[in-house]
Amino acid sequence: MPAREFCGVVGVSLQGKGAAPYLFRGLRALQHRGQESAGIVTSSHGTFYQRRGMGLVHEIFGQELLDVLRGPVGIGHVRYSTTGTSDLENAQPILVKVRDQDAAIAHNGDIANFERVRHRLQSQGVDLLGNADTETMAQTIALEYGRTRDFDAAIRRACTELVGGYAVVFLVGSRVYAFRDPLAIRPLVLGTVEGGVAVASESVAIELMGGKTLRDLAPGEVVVLDRGQVAHTSSIPNSGERAHCMFEWVYFSRPDSVVERQPVYDVRYRIGQRLAKESPVEADLVVPVPDSARPQGLGFSAASGIPYAEGLIKNRFVERTFILPDQKRRESEVRVKLHPVPGLLRAKRIVLLDDSIVRGTTLREIVGMVRAAGATRVDVRVGCPPIRAPCYFGIDMKERKELVAFDRDETGVAGAIGADSVHYLSIDGLVEAIGFRSEELCLGCLTGRYPVEVPEERHRFQKALTEF
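Read left to right, the sequence shown gives residues 2 to 469 (my numbering).
In structure tokens form, the structure reads like this:
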């Protein structure tokens, strides 16, 4: 299996300025998307400068190191692995040769037909150094470039062979080629910054580089950044359909980002309001699991009339637990990450709001923490419908047996996490809160119906999972 990743990417092209400080700020804004490793590659007159490291962006890149990364153009990446080891070898961007030219590539997402493409490359004599879909993508483009001698055309041709969800920044010489999959599963935005242009996984990264977001890239769009401007755009052949990942609004994107013109904060607030209507409960306090469930908690409180309280305080120096590379670390970090406010929860009936439940082990720890703080009842409300199927497009949900809701109804999930009750948002409620039609969203992990053919699935395009 390839090294599946849910990460963050950024690329800049400037005139008269060094790219490294912009890439550093952009990656810091995207730190929530990956905290295992980070990397930057810049280019100056065709000479590449690369630095990668394990850990957080600010731990890796001090001013001295940024000064070494010369040139007005570059790309950056933060990584959270979902399979594969967490080590420097898997950090991105990776350097590759495209015929006689140096190149670097970084991407967010998964190639669902990775094995098929890998075997095809090997049958044509391509040597692959590792087992990552990033390298496979780069070599597929390199093979097409050998035929076309046109990078733009090579990307378009290569991507007709690649099935999955991806957002890519590809540095070749002094140009950045940025593109996303034909269904726009993975996010990628274009914006302006002082002295040039930039692309990033989220709008907040553009803005924290001091820039302004212009728009999301269209499904399958290829944007070429050169000399501080958009040189041209083209499109990977596509059907015009969309399948935006619903998890961007539910969990992964920052609440101050705008994804596909839908403010993330507003979507999460509407989720909370809808939850209060779908699953009312008698309680004394609404308590969100910080940070991503805060807007949901506020919406639930407003719609239900139950007072909102910050009953769990997050340690600001502990990163997201969901994107830690293994389950044992996730569980051990919960009690370091969160702590109940003394006395606030004692003798209270608590509505605990969470954005989603994947494995359930982390939430079980939190429910236990709330009970230990004196809560007399803990009713859990979840802003995402039950996750019952794997994700093949970049989120760490690989096997059904890992998913707490796969073979349990709401009563069973409540028992598994130690709650008095659990109620999930409905799929219709989620779709309405996001503001797109269901056909425009990827809901595969909820329904078992995927927007593209997935080789790993025995029954492709299968009917919806049995409702509980």
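Beta carbons are placed, not taken as given, at the ideal position from N, Cα and C, and that holds for glycine.
Subject >> Extent of the continuous alpha helix (DSSP H) to which residue 205 belongs >> reply: 204–209
Less than 6 Å between C-beta atoms, sequence neighbours within five positions excluded: which residues of the same chain meet that for residue 442? 245 and 247
>> Please report the straight-line C-alpha distance between residue 215 and residue 409, rounded to a whole angstrom.
In response: 44 Å
For residue 453, does the three-state DSSP call read helix, strand or coil? coil
Please report the Cβ distance between residue 437 and residue 186, rounded to the nearest whole angstrom; I am assuming they are in contact, meaning their Cβ atoms lie under 8 Å. About 13 Å separates the two Cβ atoms, so there is no contact after all.
- Query: Who are the Cβ neighbours of residue 204 in its own chain at under 7 Å, not counting the five residues just before and after it?
  - Reply: 190, 214, 258 and 259
Considering only C-alpha positions, which residue in the set 139, 171 and 176 is nearest to residue 163?
139
Q.
Using 8 Å for Cβ pairs, my map puts residue 350 next to residue 284. What's the rounded Cβ distance?
A. 4 Å
**Message:** Out of 46, 9 and 250, which one is the CA nearest neighbour of residue 40?
**Reply:** 9
Where does the unbroken beta strand (DSSP E) through residue 289 begin, and where does it stop? 286–289
- Query: Given that a residue counts as buried once 16 or more other Cβ atoms are within 10 Å of its Cβ, and exposed if not, what is residue 432?
  - Reply: By the 10 Å Cβ count, residue 432 comes out buried.
Review point. Which residues in the same chain as residue 282 place their Cβ atom closer than 6 Å to its Cβ, once the five residues preceding and following it in sequence are excluded?
Key: 352 and 380
DSSP-derived helix/strand/coil call for residue 342: coil
task = Mind checking which residues open and close the beta strand (DSSP E) that includes residue 43?
result = 38–45
May I ask which residues mark the beginning and end of the alpha helix (DSSP H) holding residue 58? 58–61
For residue 324, which residues in the same chain have their Cβ closer than 6 Å to its Cβ, ignoring the five residues on either side in sequence? Any reading at residue 324 must be qualified, since the residue scores a pLDDT of 47, below 50, and its modelled position is unreliable; the value itself is stated next. Cβ within range, chain order: 81.
**Request:** Compute the beta-carbon to beta-carbon distance between residue 356 and residue 252, rounded to the nearest angstrom, for a pair I have assumed lies under 8 Å.
**Result:** 5 Å
- prompt: By Cβ distance, which residues of its chain are closer than 8 Å to residue 89, with the 5 residues on each side in sequence left out?
  reply: Close CB contacts of residue 89 within its chain, under the 8 Å cut and outside five residues either way in sequence, are with 38, 53, 54 and 55 (chain order).
Taking the beta carbon of residue 373 as the centre, do at least 16 other beta carbons fall within 10 Å, making it buried, or is it exposed? exposed
field: Cutoff 6 Å; reference residue 401; Cβ partners in own chain excluding five residues on either side
entry: 407
Please state whether DSSP places residue 176 in a helix, a strand or coil. In the structure shown, residue 176 falls within a strand segment according to DSSP collapsed to helix, strand and coil.
Query - Per DSSP, cross-strand counterpart(s) of residue 498 - result: Coverage of the chain is limited to positions 2 through 469, which leaves residue 498 absent and any answer about it impossible.
key: DSSP state of residue 394 mapped onto helix, strand, coil   = coil
Which term fits residue 444, buried or exposed, when burial requires 16 or more other beta carbons within 10 angstroms of its beta carbon? buried
- Message: Tell me which residue opens and which closes the beta strand (DSSP E) that residue 51 is part of.
- Response: 48–55
Point to revise | Outcome for residue 105 when other beta-carbon atoms lying within 10 angstroms are tallied against a minimum of 16 | key: By the neighbour-count rule (16 or more Cβ atoms within 10 Å), residue 105 is buried.
**Asked** On the three-state DSSP scale, how would you describe residue 14?
**Response** strand
Compute the distance between the beta-carbons of residue 361 and residue 418, then report whether it is under 7 Å.
yes
Please look up how many angstroms separate the CB atoms of residue 224 and residue 179, rounded, as I've assumed it's under 8 Å.
-> 5 Å
* Could you check if residue 278 is buried or exposed, using at least 16 other CB atoms within 10 Å of its CB as the buried criterion? => exposed
*CA-CA distance, residue 25 and residue 375?*
The straight-line gap from Cα to Cα measures roughly 44 Å.
Notebook entry, point to check: DSSP state of residue 316, grouped into three classes?
Noted result: coil
### C-alpha distance - residue 48 paired with residue 263, whole-angstrom precision
39 Å
Outcome for residue 130 when other beta-carbon atoms lying within 10 angstroms are tallied against a minimum of 16: Residue 130 is exposed by the Cβ-count criterion.
Helix, strand or coil for residue 97? Go by DSSP, reduced to three states. Reduced to three states, the DSSP call for residue 97 is strand.
### Query
When DSSP labels each residue in this structure, what does residue 81 get in the three-state scheme?
coil
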